[in-house]
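Engineer:
There are 2 protein chains.
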Amino acid sequence: MQHLNYDQQENWDFITGTHQSPIALNHQKAIADDNLSTIALDYDPTVTYVRDTGASIEFGLTGHATLNHRKFTVQQAHLHTPSEHVIDGVQATAELHFVHLAADGQMAVVAVPVMLGNTNAAFHTIFDNIGTQRALPIALSDLLPEERTYLHYLGSLTTPPLTENVEWYVLDHAIQIGQAELDKFHQYYRGNNRKLQPDNDRPIEYFN
Amino acid sequence: MQHLNYDQQENWDFITGTHQSPIALNHQKAIADDNLSTIALDYDPTVTYVRDTGASIEFGLTGHATLNHRKFTVQQAHLHTPSEHVIDGVQATAELHFVHLAADGQMAVVAVPVMLGNTNAAFHTIFDNIGTQRALPIALSDLLPEERTYLHYLGSLTTPPLTENVEWYVLDHAIQIGQAELDKFHQYYRGNNRKLQPDNDRPIEYFN
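Chains as they are written, first to last, in the numbering used here: chain A, 1 to 208; chain B, 1001 to 1208.
As structure tokens, then:
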């Protein structure tokens, strides 16, 4: 038996980059897992700032989420267009990411597909106030679907530093964005979606 | 505002290696977190195999654990001597790692400090049967302390591939190993402890 060389630890192989996001998701390949929990979101109905990060338009949120039985604090949300995840072969008009942090540093993203449709007052307010630090009241129902079944897997941030150890909760049900709001966003970003990454046979779970 | 170049994604910086294990832990710097849960272990009192992995002597276990409110399956346990984690400046004689996997691929390790002391019948049985595939009955109370307060942080495997996204639950209370069992282990491994890694200001949590 060849033993690992503990005297030359600096030469050990460090394997990484195998759990990146986004990936193509498929319900037929997903495993139903009743041990997962319903997504409970307790966000405040106020946007705390809106800024251009260089990768998207980001808006601040406060409040909490319960994801897979644990408490997270919501940090911010931002939009990618077109969508980053592809679900059952469908690429949505856009994808809204709600980024969360737990007390132990665990990151989790709730991703919501966005389809071109009716005017969305929340997006209108947000994209009309880029650069503001003023509190903006919004209706959370504009940004979150009522039905919250989801696909779940372990991945990464989709912008540098592409940090792994990110829990993804990708909702099945979409919200809408109006043509005017999409046009406004496209003045800033169009095609700010990272390419699909290899899934490397990661387990994909489904909760409904 | 300089925008991220989505046309040259292959040039994006990928930062990794910042969440490695083991680290030095200190109760005074740990944050108590009542949102964590009691460690509930439901292992079967049987070792399913014992083998020399090249990094330690590993023994198979079956059963489940509830860690931070979620269900994990126990895979195996193995020993490092001396200990890998240093708690409040103390390096134990050895450290026993119980490795767990969740359905979504999340890994979690329960680490138990081991101090030189009384004879330990479970270690005696295990180290006397290296290479066996036979089921070996053991008393789990030999391998786990009754009190299970713990320190919790996010780290990595401590042997190649040094994969990150590993949840650590490092128990405060030690179990004992007899000199004869330790001598037997030292015939195979002595100093199979990875060097301390930078904590990079990761949150360390405490549950009691």
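Idealized CB from N, CA, C, for every residue including glycine. The model shown is predicted, which means the values in this text are computed figures rather than measured ones.
Out of curiosity, what's the CA-to-CA distance linking Leu4/A and Leu1157/B?
Structural biologist: Residue 4/A sits at position 4 when you count from the first residue of the first sequence. Residue 1157/B sits at position 157 when you count from the first residue of the second sequence. Going by the C-alpha atoms only, they are around 14 angstroms apart.
Engineer: Would you report the Cα separation of Asn118/A and Ile57/A, rounded to the nearest angstrom?
Structural biologist: Position 118 of the first sequence holds residue 118/A. Position 57 of the first sequence holds residue 57/A. Cα to Cα, the separation comes out at about 20 angstroms.
Engineer: Within the 8 angstroms Cβ cut-off, does Thr132/A reach chain B?
Structural biologist: Here residue 132/A corresponds to residue number 132 of the first sequence, with the count starting at 1. Closer than 8 angstroms: no.
Engineer: Check whether the Cβ atoms of Leu1162/B and Ile1023/B sit closer than 8 angstroms, and answer yes or no.
Structural biologist: Taking the second sequence and counting its residues from 1, the one referred to as residue 1162/B is at position 162. Taking the second sequence and counting its residues from 1, the one referred to as residue 1023/B is at position 23. Not a contact, by the Cβ cut-off of 8 angstroms.
Engineer: Per DSSP, what are the beta-bridge partners of His1097/B in this structure?
Structural biologist: If you number the second sequence from 1, residue 1097/B lands on position 97. For His1097/B, which the question treats as bridged, DSSP gives the partners His1078/B and Ala1111/B.
Engineer: For Gln1176/B, which three-state DSSP category applies?
Structural biologist: Walking along the second sequence from the start, residue 1176/B turns up at place 176. Reduced to three states, the DSSP call for Gln1176/B is strand.
Engineer: List the whole-angstrom C-beta distance separating Ile39/A from Pro203/A, where the pair is believed to meet the contact cut-off of C-beta under 8 angstroms.
Structural biologist: What you label residue 39/A is simply residue 39 of the first sequence in a count that begins at 1. What you label residue 203/A is simply residue 203 of the first sequence in a count that begins at 1. Actually they do not touch by this definition, with Cβ atoms about 19 angstroms apart.
Engineer: Looking at the secondary structure, which residues open and close the alpha helix (DSSP H) in which His1027/B lies?
Structural biologist: Here residue 1027/B is taken as the residue at index 27 of the second sequence, counted from 1. Here His1027/B belongs to no alpha helix (DSSP H), and DSSP marks it neither H nor E.
Engineer: Taking the continuous beta strand (DSSP E) assigned at Phe1127/B, which residues delimit it?
Structural biologist: Against the second sequence, residue 1127/B aligns to sequence position 127. Looking at the DSSP string, Phe1127/B is not in any beta strand (DSSP E); the run it does join, the alpha helix (DSSP H), is Ala1121 to Phe1127.
Engineer: According to DSSP, what are the bridge partners of Asp1042/B?
Structural biologist: By 1-based counting over the second sequence, the position of residue 1042/B is 42. In DSSP, Asp1042/B forms a bridge with His1064/B.
Engineer: With a threshold of 8 angstroms between beta-carbons, can Asn120/A be considered close to chain B, or not?
Structural biologist: For this step, residue 120/A is matched to residue 120 along the first sequence. By this cut-off, Asn120/A is not an interface position.
Engineer: Tell me whether Glu1146/B is buried or exposed, calling it buried when 16 or more other Cβ atoms sit within 10 Å of its Cβ.
Structural biologist: Counting from one through the second sequence, the residue named residue 1146/B turns up at place 146. Classification for Glu1146/B: exposed.
Engineer: Please compile the residues from chain A whose C-beta is within a distance smaller than 8 angstroms of the C-beta of Asn1165/B.
Structural biologist: Against the second sequence, residue 1165/B aligns to sequence position 165. Neighbours of Asn1165/B on chain A, chain order: His19, Leu154, Glu164 and Asn165.
Engineer: If the criterion is Cβ atoms closer than 8 angstroms, does the pair Leu1171/B and Ala1111/B meet it?
Structural biologist: The sequence position of residue 1171/B within the second sequence is 171, counting from 1. The sequence position of residue 1111/B within the second sequence is 111, counting from 1. Cβ atoms of Leu1171/B and Ala1111/B: closer than 8 angstroms.
Engineer: Compute the beta-carbon to beta-carbon distance between Asn68/A and Glu167/A, rounded to the nearest angstrom, for a pair I have assumed lies under 8 angstroms.
Structural biologist: Start at 1 with the first residue of the first sequence, and residue 68/A comes out as number 68. Start at 1 with the first residue of the first sequence, and residue 167/A comes out as number 167. Rounded, the Cβ-Cβ distance is 7 angstroms, consistent with contact.
Engineer: Just by C-beta distance, which residues in the region 1093–1107 of chain B are closer than 8 angstroms to chain A?
Structural biologist: Of all residues in the region 1093–1107 of chain B, Ala1103, Asp1104, Gly1105 and Gln1106 have a Cβ within less than 8 angstroms of some Cβ in chain A.
Engineer: Show which residues of chain B have a CB atom less than 8 angstroms away from the CB atom of Gln176/A.
Structural biologist: Residue numbering aside, residue 176/A sits at position 176 when the first sequence is read from its first letter. Under the 8 angstroms cutoff, chain B gives no residues; its nearest Cβ is about 24 angstroms from Gln176/A.
Engineer: Any idea if Pro1137/B is buried or exposed, counting beta-carbon neighbours within 10 angstroms, 16 or more meaning buried?
Structural biologist: Numbered from 1 along the second sequence, position 137 holds the residue referred to as residue 1137/B. Per the 10 Å Cβ criterion, exposed.
Engineer: Under DSSP, the beta strand (DSSP E) around Leu154/A begins and ends at which residues?
Structural biologist: Looking up residue 154/A in the first sequence gives position 154. Segment Tyr150 to Ser156, the beta strand (DSSP E) holding Leu154/A.
Engineer: Once DSSP output is grouped into helix, strand and coil, what is the label at Asn1011/B?
Structural biologist: Here residue 1011/B corresponds to residue number 11 of the second sequence, with the count starting at 1. It is helical.
Engineer: Compute the distance between the beta-carbons of Glu1205/B and His1019/B, then report whether it is under 8 angstroms.
Structural biologist: Counting from 1 along the second sequence, the entry for residue 1205/B is found at position 205. Counting from 1 along the second sequence, the entry for residue 1019/B is found at position 19. Not a contact, by the Cβ cut-off of 8 angstroms.
Engineer: CB-CB under 6 angstroms to His1276/B, same chain, minus the five flanking residues each way: which ones, in chain order?
Structural biologist: Because residue 1276/B is not part of the residues shown, which for chain B are 1001 to 1208, the question remains open.
Engineer: Can you check whether the C-beta of Lys184/A is within less than 8 angstroms of a C-beta belonging to chain B?
Structural biologist: Numbered from 1 along the first sequence, position 184 holds the residue referred to as residue 184/A. Answer no: the Cβ-Cβ gap between Lys184/A and chain B never drops below 8 angstroms.
Engineer: Since Asp52/A is in the beta strand (DSSP E), which residue starts that stretch and which ends it?
Structural biologist: Numbered from 1 along the first sequence, position 52 holds the residue referred to as residue 52/A. It spans Val50 to Asp52 - the beta strand (DSSP E) in which Asp52/A sits, taken as one unbroken run.
Engineer: Helix, strand or coil: which one does DSSP assign to Lys1071/B?
Structural biologist: Taking the first residue of the second sequence as position 1, residue 1071/B is located at position 71. Looking at Lys1071/B - three-state DSSP - the assignment turns out to be strand.
Engineer: Measure the alpha-carbon distance for Tyr150/A versus Ser37/A and round it to whole angstroms.
Structural biologist: Working through the first sequence from its first residue, we reach residue 150/A at position 150. Working through the first sequence from its first residue, we reach residue 37/A at position 37. Near 10 angstroms, if we compare the C-alpha coordinates of Ser37/A and Tyr150/A.
Engineer: For Pro45/A and Ala122/A, what's the separation of their Cα atoms in angstroms?
Structural biologist: Residue 45/A sits at position 45 when you count from the first residue of the first sequence. Residue 122/A sits at position 122 when you count from the first residue of the first sequence. Rounded to the nearest angstrom, the two C-alpha atoms are 10 angstroms apart.
Engineer: Measuring alpha carbon to alpha carbon, tell me which of Arg1194/B, Phe1185/B, Asp1199/B and Asn1208/B ends up nearest Val1050/B.
Structural biologist: Locating residue 1050/B in the second sequence gives position 50, counting from the first residue. Closest by alpha carbon: Phe1185/B.
Engineer: Considering only residues of the same chain and omitting the five flanking positions on each side of Thr1132/B, which have a CB-CB separation below 6 angstroms?
Structural biologist: Taking the first residue of the second sequence as position 1, residue 1132/B is located at position 132. Cβ within range, chain order: Val1050.
Engineer: Using alpha carbons as the reference points, say which of Val1047/B, Ile1087/B, Leu1116/B and Phe1127/B lies closest to Phe1098/B.
Structural biologist: The sequence position of residue 1098/B within the second sequence is 98, counting from 1. That would be Val1047/B, whose Cα lies nearest to the Cα of Phe1098/B.
Engineer: Counting only beta-carbon separations shorter than 8 angstroms, does Asp1013/B have a partner in chain A?
Structural biologist: By 1-based counting over the second sequence, the position of residue 1013/B is 13. So yes, Asp1013/B belongs to the interface.
Engineer: Just to confirm my understanding: we take Asn200/A, look at its own chain, exclude 5 residues before and 5 after, and list those with CB closer than 8 angstroms. What are they?
Structural biologist: Translated into the one-based positions of the first sequence, residue 200/A becomes position 200. Cβ within range, chain order: Thr18 and His19.
Engineer: What residues of chain A sit near Asp1128/B, judged by a beta carbon separation below 7 angstroms?
Structural biologist: Here the question's residue 1128/B lines up with position 128 in the second sequence. Those do not exist, as Asp1128/B stays about 18 angstroms from chain A at its closest Cβ, beyond 7 angstroms.
Engineer: Would you mind working out which of Asp42/A, Ile87/A and His85/A sits nearest Leu140/A, comparing C-alpha positions?
Structural biologist: Here residue 140/A is taken as the residue at index 140 of the first sequence, counted from 1. If we check each option's Cα against that of Leu140/A, Asp42/A comes out closest.
Engineer: I'd like to know whether the C-beta of His1027/B is nearer than 8 angstroms to at least one C-beta of chain A.
Structural biologist: Walking along the second sequence from the start, residue 1027/B turns up at place 27. Output row for His1027/B: interface = no.
Engineer: Can you tell me whether Leu1144/B is helix, strand or coil according to DSSP?
Structural biologist: Numbered from 1 along the second sequence, position 144 holds the residue referred to as residue 1144/B. Leu1144/B: coil per DSSP, three-state reduction.
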